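In what follows, a single structure is set out as structure tokens and then discussed.
In this note's numbering, the protein residues as written are 3 to 108.
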């Protein structure tokens, strides 16, 4: 599965063994997404207007991580830029304004 954030949402696409993309599906609408990473469990960590949002492969929101950075632009929290999992998937790194945050995962 290929996940892409943009155009107002989080989308999934099927990938063939040859890398061909098909079956675009809107998993979840978001006002903005700048970055995402996928845990081996299937949980998608994506930056959003809420900070970082955890979504399952069906598009259900599981949780939010609020960064505490609240730079408002047009009424949208716009400061959380990107997120990435560590190689061992035990830590989530988040960029928010001029900070690099780390969150230990269970």
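Ideal placement from N, C-alpha and C gives every residue a C-beta, glycine not left out. Predicted, not measured: the structure shown is a model, and the values here were computed from it.
Express the C-alpha separation of residue j and residue i in angstroms, rounding to a whole number.
i	j	result
residue 56	residue 81	17 Å
residue 96	residue 102	6 Å
residue 92	residue 105	8 Å
residue 88	residue 44	15 Å
residue 54	residue 16	24 Å
DSSP three-state call for residue i: helix, strand or coil?
i	result
residue 26	strand
residue 58	coil
residue 7	strand
residue 81	coil
residue 67	strand
residue 45	coil
By alpha-carbon positions, which one of the options ends up nearest to residue i?
i	options	result
residue 28	36, 7, 34, 40	7
residue 107	49, 16, 41, 100	41
residue 24	13, 31, 32	13
residue 83	16, 65, 34, 93	34
residue 49	22, 20, 4, 32	32
With a threshold of 8 Å between beta-carbons, can residue i be considered close to chain B, or not?
i	result
residue 95	Structure shown: chain B not included; a single protein chain is present.
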